[in-house]
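Under my numbering, the residues of the sequence shown are numbered -16 to 262, in order.
Idealized CB from N, CA, C, for every residue including glycine.
Computed from a predicted model, the values in this text were never measured in an experiment.
In what follows, a single structure is set out as C-alpha cells and then discussed.
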Amino acid sequence: MTNSSRFIFFRVIIWSEMVLFISTLTLGTVYIVGLGTNNVQLASMIEYPALESSTLFLSLVLTLTVLAVLIRILVTVRAKISKPQVDLEVKLRLLNIGDQVKFLMQIERPVKFFVGIRSYNASVRKNRVIVGERLLRDSTDQEIQGVIGHELAHIKGKDITKKAVLQGTAVLVLLMPYAIFESSNTALILAGTLLSVVLLLSVPVTWKIELGADAEAAEYLGPEVVIQALEKLKTAAYTGISFTHPPMSRRIDKLRNAHTLIGPTGSEPATGSPNSSKV
C-alpha cells in the first residue's frame, strides 16, 4: 500500500468514526433526556436512529480494537516463526542512538530497543521501545533521536499506565448499562452514548499526554531535534485529527511557540552516551 492510499484509508476510517461518534453522542443524549423526563413520545421517536447509530459506532470501535490486537499477535507470531533478519548495522545504530538519548534524558531504569520489521513508525511498551526498520533506514540520526526521545518520555512519565486506566474505564462503561437496564435496546444506546462521552473526555487527556512527551523530549534534546522527527513522520503516516494524537502540525507549532529553536543538540546529533562503546 502506497503512502497516498494509506492516507486515504486512514482518513476514511477516522472520519467515519468521527461521524458515528457525533451522531451517537447527539442522538443518545436526546434519547436519555426523553427517558429521564418521562417524555415517551420523544424517546420513542429517537430510539431507532439512536439504536442504529450506537450499533454502528460500537461495531466500528470493536472491529478496530480486534484488528489491532490480531495484527499485533500476527506480527509477533510471524516474527517468531520466520525470524526475519535485521541488518546488524541497523540494530547497532538503534542501540547506539537509544543509549545516547536515554543518557541525555537521565533515564536510569532498563530500557530495551527493538527494530520493527518493515515498519515506518515507533511505539513504546512498558520498558521497550520499538522503532520501525524503514524509519531507521530513511531517517537521520537526529530524526531518530527525536523519535526515541518522545517514546522514552512516555516511559519516564508513566504514560502507559495512564492510558491503561483510560482503556479500563472505557470497558467498564461498556459493561455497566447491561447490568442496569433490562431492555437490550436501552442498554445498547446507553453504552454507545457513554462510550462517546468517555472518548470526548479522553481526547484532551491523551492529547496532553502526547504534547507532554514532545515537550519532555525537547527539554533534554532540544526542540529542533523533536521537530525534525515529527516532520519526518508527517511525510510518512496519517497525521490528521484523531482521538489519541493531536494533529502533527499542532504538535510542531506547539514546540516552535514554546521554545526558541536553540538547544544542546539543535544542530548535530547527541553524543556522549556512556554505553555507546557496548554496541
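A straight-line Cα-Cα distance of about 20 angstroms links Trp190 and Glu207. By the 16-neighbour rule on beta-carbons within 10 angstroms, Lys215 is buried. Taking Leu177 as reference, the option from Glu91, Ser(-1), Ser6 with the minimal CA-CA separation is Ser6. Annotation for Ser179: Phe4, Thr7, Leu8 place their beta carbon closer than 6 angstroms to its own, counting only its chain and skipping 5 residues before and after. Non-local beta-carbon contacts of Arg111 in its own chain, meaning distances under 8 angstroms to residues more than five positions away in sequence, involve Val94, Lys95, Phe96, Phe97 in chain order.
Between the segment 145 to 165 and the segment 117 to 127, the count of C-beta pairs closer than 8 angstroms stays below three; the two stretches do not touch. The beta-carbon distance between Ile80 and Gly99, rounded to whole angstroms, is 15 angstroms. This is too long to meet the 8 angstroms contact definition.
Pairwise C-beta distances place the segment 29 to 43 in contact with the segment 8 to 17, as three or more of them are shorter than 8 angstroms. For Gly99, there is no enclosing alpha helix (DSSP H); the residue is part of the beta strand (DSSP E) that begins and ends at 95 to 99. In the assembly as shown, Glu193 is a buried residue. Its beta-carbon has 16 or more other beta-carbons within 10 Å. Within the same chain, Cβ atoms closer than 8 angstroms to the Cβ of Val188 are found at Lys145, Leu149, the five residues on either side in sequence being excluded. In the assembly as shown, Gly11 is a buried residue. Its beta-carbon has 16 or more other beta-carbons within 10 Å. The C-beta of Thr169 has 16 or more other C-beta atoms within 10 Å across all chains shown, which makes the residue buried. The segment 36 to 44 makes no contact with the segment 56 to 76; the number of CB pairs closer than 8 angstroms stays below 3.
With contacts defined as CB atoms closer than 7 angstroms, Arg233 and Leu213 fail to qualify as a contacting pair. A Cβ-Cβ contact shorter than 7 angstroms links Leu135 with Met88.
Contact between Ser225 and Ile(-3) is confirmed by a C-beta separation of about 6 angstroms, below the 8 angstroms threshold.
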